[in-house]
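Student: If you're matching positions, the sequence shown starts at 1 in UniProt numbering and goes up one per residue.
Below is one structure. I have some questions about it.
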Amino acid sequence: FPPFSVMSEVEFEKGEDVFVLSCDLYYDAKVLDVIEAGNGEKLYRVHYRNFKKSMDENVQKDRIVKNNAEGKEIKEKAEAEFEKKRVEEEEEKQREKKKAPKEKKRLSGEMAPAQTKIAPTERQKRRRKEAVEELESIRRAVKISIPTALKKVLAKDWEENNRNSRLVPLPKKTNVVEILQEVSKQRAKKLGSSEAQKTVQNVCDGVREYFDLALENCLLYAFEKEQNDTLKEEHKGKLPSEVYGAEHLLRLFVKLPELLAFAPFTPDQAKVLSERLGDILRYLHRSMAELFAAEYESPSPAYVKRFDGEMFRSSVEEAAA
């Protein structure tokens, strides 16, 4: 399970034009938002220019360079290296073709390298198309199928927070750590080999790590932010996975395809990971009555008033920007 690397200090601003590394090339992009990921760490929400909005993603600082002279030089070097590799591959193909019988080459209409040269604009379009296709294939590699019953839980969860102004009662009686421990324990009994058992444990550990680092970044609704601040004060020293439970863990599964988008999986690894993530979802499904809150709680009128005031200030600032 790929580690969720520690993010660095902020060096880029909301609205800034930058270059972002994706599939060995740097692309023109814009920083849409700077996101607090906890412990002073940051993520950057970026939009790739000339790409669909669905390609927007959260990236770490080490994949971004400034859109300035130095950044352009880095971008050009990456493109040159990419092109060098492409040419080397093409030359290797040509060498392989030359090994074939001359008659076969004549009949196949083989062209010299100079004749197969592609115009720069076409090459750029092809590179971009290949990069998009590679990214989409990676995102499709890890299949996460959420059962219909759990989708209804997600819908109710959204409605309670965003329409009814109600909160998940926290801390949860059964937290994320305990849920994952139980999944690992149950699957270990059914899986024969120690290697398979180790894989289950690694996946559960990875999910917990992702959860702890992703919670404040992308798993909380705006209405829950103050509740989270209070919980951090009341439970200092505890990780989010030791306080939150099934509701927020389920939200993570909605975000995982995006979070895992650039993980270097082989098809076999992606298949195994999909199966083990499915184990967790099946456990959540089987244990819905015990793990998910039957009733959400209403915060104090003061809490709601502070939230409304914060939303009003944010809307005014956004309109003035």
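Glycine included, every Cβ here is placed at the ideal spot set by N, Cα and C.
Measure the alpha-carbon distance for residue 311 versus residue 225 and round it to whole angstroms.
Tutor: Within the sequence shown, residue 311 is the residue found at index 311, counting from 1. Within the sequence shown, residue 225 is the residue found at index 225, counting from 1. Distance between the alpha carbons of residue 311 and residue 225 is about 12 angstroms.
Student: Going along the chain, which unbroken runs of the beta strand (DSSP E) with 3 or more residues stay wholly within the segment 226-289?
Tutor: Those beta strand (DSSP E) runs which fall completely within the segment 226-289 and span 3+ residues do not exist here.
Student: Start and end of the alpha helix (DSSP H) containing residue 220?
Tutor: Locating residue 220 in the sequence shown gives position 220, where the first residue counts as 1. Segment: none, residue 220 is in no alpha helix (DSSP H) and carries neither H nor E.
Student: Report the residue ranges of all beta strand (DSSP E) runs contained in full by the segment 37-89; include only those spanning at least 3 residues, in chain order.
Tutor: Counting whole runs of 3 or more residues, the segment 37-89 contains the beta strand (DSSP E) stretches 41-48, 57-59, 64-66.
Student: Which same chain residues, not among the five before or five after residue 308, have their C-beta less than 6 angstroms away from its C-beta?
Tutor: The residue labelled residue 308 in the question sits at position 308 within the sequence shown. Closer than 6 angstroms at Cβ, skipping near neighbours: no residue.
Student: Going by beta-carbon coordinates alone, are residue 44 and residue 31 separated by less than 7 angstroms?
Tutor: By 1-based counting over the sequence shown, the position of residue 44 is 44. By 1-based counting over the sequence shown, the position of residue 31 is 31. Yes.
Student: Counting only the same chain and skipping the five closest in sequence on each side, list residues whose C-beta sits under 8 angstroms from that of residue 306.
Tutor: As a working mapping, residue 306 is identified with position 306 in the sequence shown. 226.
Student: Under the three-state reduction of DSSP, which class applies to residue 303: helix, strand or coil?
Tutor: Counting from one through the sequence shown, the residue named residue 303 turns up at place 303. It is helical.
Student: Kindly give me the distance between the Cβ atoms of residue 144 and residue 207, rounded to whole angstroms, as I take these residues to be in contact under 8 angstroms.
Tutor: Counting from one through the sequence shown, the residue named residue 144 turns up at place 144. Counting from one through the sequence shown, the residue named residue 207 turns up at place 207. Not really, about 11 angstroms apart at Cβ, beyond 8 angstroms.
Student: State buried or exposed for residue 106, treating a residue as buried only when at least 16 other CB atoms are found within 10 Å of its CB.
Tutor: For the purposes of this step, residue 106 is identified with residue 106 of the sequence shown, where counting begins at 1. Because residue 106 sits at a pLDDT of 46, beneath the cut-off of 50, its placement in the model cannot be relied upon, and the following sentence gives the value as read from the coordinates. By the neighbour-count rule (16 or more Cβ atoms within 10 Å), residue 106 is not buried but exposed.
Student: Look up residue 210 in the DSSP assignment and say whether it is helix, strand or coil.
Tutor: Against the sequence shown, residue 210 aligns to sequence position 210. Correct three-state label for residue 210: helix.
Student: Could you give the residue range of the beta strand (DSSP E) that holds residue 167?
Tutor: The sequence position of residue 167 within the sequence shown is 167, counting from 1. Run containing residue 167: none; DSSP gives neither H nor E here.
Student: Looking at the secondary structure, which residues open and close the alpha helix (DSSP H) in which residue 157 lies?
Tutor: Taking the sequence shown and counting its residues from 1, one reaches residue 157 at position 157. It spans 148-162 - the alpha helix (DSSP H) in which residue 157 sits, taken as one unbroken run.
Student: Specify the secondary structure class of residue 109 as computed by DSSP and reduced to three states.
Tutor: The sequence position of residue 109 within the sequence shown is 109, counting from 1. For residue 109, the predicted model reports a pLDDT of 47, less than 50, meaning its position is unreliable and no value from the coordinates is stated.
Student: Rounded to whole angstroms, how far is the Cβ of residue 273 from the Cβ of residue 203, which I believe are closer than 8 angstroms?
Tutor: Taking the first residue of the sequence shown as 1, we reach residue 273 at position 273. Taking the first residue of the sequence shown as 1, we reach residue 203 at position 203. With 8 angstroms as the limit, residue 273 and residue 203 qualify as a contact, their Cβ atoms being about 6 angstroms apart.
Student: Within 10 angstroms of the Cβ of residue 240, are there 16 or more other Cβ atoms? Answer buried if so, exposed if not.
Tutor: Locating residue 240 in the sequence shown gives position 240, where the first residue counts as 1. When all chains shown are included, residue 240 counts as buried.
Student: Return the bridge partner residues of residue 30 from the DSSP annotation.
Tutor: Along the sequence shown, one-based indexing puts residue 30 at 30. For residue 30, which the question treats as bridged, DSSP gives the partners 17, 47.
Student: Taking contact to mean 3 or more Cβ pairs, one atom from each stretch, closer than 8 angstroms, check whether the segment 183-190 and the segment 208-219 are in contact.
Tutor: At 8 angstroms Cβ cutoff, the stretches do not touch.
Student: Is the beta carbon of residue 67 less than 7 angstroms from the beta carbon of residue 34?
Tutor: Taking the first residue of the sequence shown as position 1, residue 67 is located at position 67. Taking the first residue of the sequence shown as position 1, residue 34 is located at position 34. Against a cut-off of 7 angstroms, the Cβ pair of residue 34 and residue 67 comes out as no contact.
Student: Are three or more beta carbon pairs between the segment 46-56 and the segment 76-87 nearer than 8 angstroms?
Tutor: Segments in contact, no.
Student: Do residue 168 and residue 247 have their beta-carbon atoms positioned less than 7 angstroms apart in this structure?
Tutor: Reading the sequence shown from its first residue, position 247 is the one you call residue 247. Reading the sequence shown from its first residue, position 168 is the one you call residue 168. Going by C-beta atoms, residue 247 is nearer than 7 angstroms to residue 168.
Student: Could you say which of 25, 61, 53 lies nearest to residue 86 if we only look at CA atoms?
Tutor: As a working mapping, residue 86 is identified with position 86 in the sequence shown. It is 25 whose Cα lies nearest to the Cα of residue 86.
Student: Assign residue 91 to one of three DSSP states: helix, strand, or coil.
Tutor: Residue mapping note: residue 91 aligns to position 91 of the sequence shown, counting from 1. The answer is helix: DSSP assigns residue 91 an H, G or I state.
Student: Tell me whether residue 111 is buried or exposed, calling it buried when 16 or more other Cβ atoms sit within 10 Å of its Cβ.
Tutor: Working through the sequence shown from its first residue, we reach residue 111 at position 111. With a pLDDT of only 40 at residue 111, under 50, the local geometry of the prediction cannot be trusted, and the value read off the model is given with reservation. Classification for residue 111: exposed.
Student: Beta-carbon separation of residue 244 and residue 176 under 7 angstroms?
Tutor: Position 244 of the sequence shown, counted from the start, is the residue given in the question as residue 244. Position 176 of the sequence shown, counted from the start, is the residue given in the question as residue 176. For residue 244 and residue 176, yes; Cβs fall inside 7 angstroms.
Student: Please go through the same chain and pick out, in chain order, the residues whose beta-carbon is closer than 8 angstroms to the beta-carbon of residue 57, but skip the five residues on each side of it.
Tutor: For the purposes of this step, residue 57 is taken as the residue at position 57 of the sequence shown. Once the five neighbours on either side are set aside, the close Cβ partners of residue 57 are 45, 46, 258, 261.
Student: Would you identify the three-state DSSP class for residue 144, choosing helix, strand or coil?
Tutor: As a position in the sequence shown, residue 144 is number 144, starting the count at 1. Looking at residue 144 - three-state DSSP - the assignment turns out to be coil, as it is neither helix nor strand.
Student: Report the three-state DSSP secondary structure of residue 11 (helix, strand or coil).
Tutor: Numbered from 1 along the sequence shown, position 11 holds the residue referred to as residue 11. Three-state result, residue 11: coil.
Student: Check whether chain D comes within 7 angstroms of residue 86, counting only Cβ atoms and requiring the distance to be less than that.
Tutor: Chain labels in this structure do not include chain D; a single protein chain is all it has.
Student: Pull up the distance between the alpha-carbon of residue 298 and that of residue 304, whole angstroms please.
Tutor: The residue given as residue 298 occupies position 298 in the sequence shown. The residue given as residue 304 occupies position 304 in the sequence shown. So the alpha carbons of these two residues sit roughly 9 angstroms apart.
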